[in-house]
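Written out below as structure tokens is the structure these notes cover.
Numbering (UniProt numbering), first residue to last: 1 to 220.
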């Protein structure tokens, strides 16, 4: 549990509703305090909302990056202009010409990544795999979900990239052959669904740049 999560858990501890009463402050904000306390004796830290405010004010970049779903929230705020700029930068770096077909660009990208990705490279899923969604949305299927994870890749797994598949299609993009660290089971996964576990490595940026490029350009 991160420091942020611990602080969040601490902030969720508060008196029972039956022991609380409301006080109107500035006609807009109501604070709940323990019955019997006067305004002069108001213990602000006991209000969970004030504790939450204190937690938010003291967040570090690391805390924010570890919030579940923060990557999806970040992507929601990326504008079309942001994505177009990222794609243009990638295509310039790889020497793509406007006349190139999407398939030709994928082929050149494959050749580029084969040379640039340094092994060993450990990755995990950037989001749940498609097969997992129905289980994660249904809390009553936990045992079945755990059974299915034995023979299927999970977003909770860590994989080691063994190499790139030479064949690809325009719908799913480039694929990599991986070995699951926990049991050495082999899979072939779409590179656009993965992210490097070492955020400080060159591999992380290479895979992220490819994923943004592919997910933005696929289907155009």
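Just so it is clear, CB atoms sit at the ideal spot from N, CA and C, and this is done for glycine as well.
- About 7 Å separates the CB atoms of residue 210 and residue 113; that is less than 8 Å, so the two are in contact.
- Beta-bridge analysis with DSSP links residue 188 to 177.
- The distance from the Cβ of residue 187 to that of residue 181 is about 12 Å, inconsistent with a contact at the 8 Å cut-off.
- Residue state for residue 162 is assigned as strand, using DSSP reduced to three classes.
- At a Cβ-Cβ threshold of 8 Å, residue 159 and residue 123 count as neighbours.
- The alpha-carbon separation between residue 164 and residue 131 amounts to approximately 23 Å.
- In the three-state DSSP reduction, residue 81 falls in the helix class (H, G or I).
- Within the DSSP bridge table, the entry for residue 194 names 125 as partners.
- DSSP, reduced to helix, strand and coil, places residue 169 within a strand of the structure shown.
- Closest by C-alpha distance to residue 190, out of 127, 145 and 136, is 127.
- Per DSSP, the continuous alpha helix (DSSP H) segment holding residue 207 begins and ends at 202-217.
- The beta-carbon distance between residue 170 and residue 83, rounded to whole angstroms, is 19 Å. This is too long to meet the 8 Å contact definition.
- Between residue 162 and residue 192, the beta carbon gap of about 18 Å keeps them out of contact (Cβ cut-off 8 Å).
- With contacts defined by Cβ atoms closer than 8 Å, residue 129 and residue 153 form a contacting pair.
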